[in-house]
Every structure is written in C-alpha cells, then in structure tokens.
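> Numbering (the working numbering), first residue to last: 1 to 251. Note that the Cβ used here is the ideal one computed from N, Cα and C, for glycine as well. Bear in mind that the values here come from a model prediction, so they are computed numbers and not experimental data. Take a look at the following structure, please.
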C-alpha cells in the first residue's frame, strides 16, 4: 500500500467528528502519526485514536479550548502538547470550526468573539507556532468555506471568519515560503456532516440540483484534497484557496 506520509506527524484540529475525523483517518492511512484535537467529544476522539493505531501509526488525543487565545492556552498549548507527545508536526490541519447562524440583528458580542476565535484567530496562532518550530517541507492546511463566494443570509459571522482565513492564507504564504513551509486553504461546499443533517438535510434535493456532480459532498471528498496538499505532489502549491464543492453554484 502506498503511504506517502510515512514518518510524518500531523496535527488535526476538530478531529473527533465530521470532516476532521475523515481527514485524520485519511492522513493515518497515508502513514502519518496523528495528534487528534477535540473540544468536548472525548469518546469520539479516543475511538478515532484506536482506529488510527490499528493502521499502524502513533496517536495522541489532546483536548484544547480554541476560544482561549492566551499564550498559555488553546492553540498554543495544543501545538506544544503535540510536540511533547509525538514531535514537531510536519502537517497542521486547521479544521476546527463553529458557527452562529441567524439575522445580523440577533448577533451577540459573545457569538462574534467565539466564532472569530475558533475559525480565524486559532488558525493564525497555529501558523505562528508553526513558523517558530516547523521544519522546511512543512504543510499548513486550513479549512475555509464556499460561503465567501456564495453569500447566504443569516451567516454573516461565519462568512466573516472564513473570509479572514482565505485572506490570511495568501499573506502567510509570502511569510512562510522562505522557511520552506506551504499554506493553503480547502473551501468545502455542502458536506454530509452531522451538523448538516441536523440543520439542512431537507435541502438535499435543492443543493444537489445546483451541484455539477449531482450530489452533496462527503467528508472523505474533503479529506482527499487535504491529503493531496499534505503529500509530496503538492510541494509547489502555496497561498491557494481550493474550492472542493463538486461544482456547487449557489447556496
């Protein structure tokens, strides 16, 4: 079996469920040791660790509150604990995300702070730690969203946070390039996660009709793009936002 990431260490945030779980499993199948971050779903994270260990890789399960932006908490502690458990990561996937959806008139200060902290500030802090410690050849991969190209009502805070991720990707590519580190963002379209099933499952026929490939995405579809960016064939790619939507046109 081809294992292009054998010997690499990957840190995946928000890895216990959904897209993050699929990414962690795919990177493990490709040979990478995996640091599995979770916020509250400890049992799911531990089950994923057992699966990955069965694939012959080392794992670490690490809890961290990514709304804590201090120099002793959240993203900073997560990176440090990954280093202690497995070594300096070669691959960092900023997948953890949250959203507060509703009319802009109902947005609270806490909504804004929490979404921007997890979705935008935490990836920036992870990039800072990577710049300080990651070796040449390192890969940072953010998870963005097609919401930045396909505006939809009641998603202002989420769109603002993902727009920040897309913007910082190009800027950080210029800073990290001389260090031999690439950074890219994958922007999924509608994807079949638990969050989607709870909130938007009734829209499957409508969304499918707007998607060139005739279905909604699966977490494994996104994981495949991330795995390519993490692998040797993507060494010349940096500063890019790659839309992984199956040809979705409009939300």
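1) What is the rounded straight-line gap between the Cα of residue 125 and the Cα of residue 179?
2) Which value, in whole angstroms, describes the spacing of the CA atoms of residue 212 and residue 249?
3) Is residue 94 near the ligand HEM, in the sense that its beta carbon is under 7 Å from a heavy atom of that ligand?
4) Please name the residue, chosen from 138, 105 and 99, that lies closest to residue 120 on a Cα-to-Cα basis.
5) Could you check where the alpha helix (DSSP H) with residue 207 kicks off and where it finishes?
6) Would you check if the region 144-161 and the region 14-21 touch, i.e. whether three or more CB-CB distances between them fall below 8 Å?
7) I need the DSSP call for residue 34, collapsed to helix, strand or coil.
8) So the beta strand (DSSP E) residue 11 belongs to, where does it begin and stop?
9) Less than 7 Å between C-beta atoms, sequence neighbours within five positions excluded: which residues of the same chain meet that for residue 194?
10) Excluding the 5 residues flanking residue 104 on each side, which residues of the same chain have their C-beta closer than 6 Å to its C-beta?
11) Which residues in the same chain have their Cβ closer than 8 Å to the Cβ of residue 135, if we skip the five residues on either side of it in sequence?
12) Report back the beta-carbon spacing between residue 51 and residue 35 to the nearest angstrom; my notes put them in contact at under 8 Å.
13) Helix, strand or coil for residue 63, going by three-state DSSP, please let me know.
14) Identify whether residue 139 lies in helix, strand or coil by the three-state DSSP scheme.
15) For residue 95, which three-state DSSP category applies?
16) Considering only the alpha carbon of each residue, which of 236, 247 and 108 lies closest to residue 210?
17) Can you name, in chain order, every residue of its own chain whose Cβ lies under 7 Å from the Cβ of residue 204, other than the five neighbours on each side?
Well, looking at it:
1) 17 Å
2) 8 Å
3) The ligand HEM is not part of this structure, which contains no ligands at all.
4) 99
5) 204-209
6) no
7) strand
8) 9-12
9) 17 and 18
10) 156
11) 88, 90 and 180
12) That belief does not hold up - the Cβ atoms of residue 51 and residue 35 are roughly 15 Å apart, past 8 Å.
13) strand
14) strand
15) coil
16) 247
17) 216
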